[in-house]
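In our numbering, the protein residues as written are 133 to 191. For each residue, glycine too, the CB sits at the ideal point set by N, CA and C. Values in this document were obtained by computation on a predicted structure and should not be read as measured data. Notes for the one structure printed next.
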Amino acid sequence: AYFRELADLPPEKSPDAARKIWHDINRPNLLENILPTRERASLVVRKASDHSVKELWLR
């Protein structure tokens, strides 16, 4: 539903939509959930720019 709307966006509106998603969803998640617990992670997944798994680290 939500992502369906994004898939139908004209290319000229995509950058604004991406910035809004980063600001409203991804940035708060990074600051509130990921960064504070990062050092306690037992498994780290690093992804490439295409979201494929680039590295796995088991600590």
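Between the C-alpha atoms of Lys186 and Leu162, what's the straight-line distance to the nearest angstrom? 19 Å
Helix, strand or coil: which one does DSSP assign to Arg172? helix
Considering just the uninterrupted stretch of the alpha helix (DSSP H) at Lys152, what are its terminal residues? 146–153
Roughly how many angstroms lie between the CA atoms of Ser146 and Ala173, to the nearest whole one? 33 Å
Am I right that Val177 and Leu188 are in contact with their C-beta atoms under 8 Å? What's the rounded C-beta distance? 6 Å
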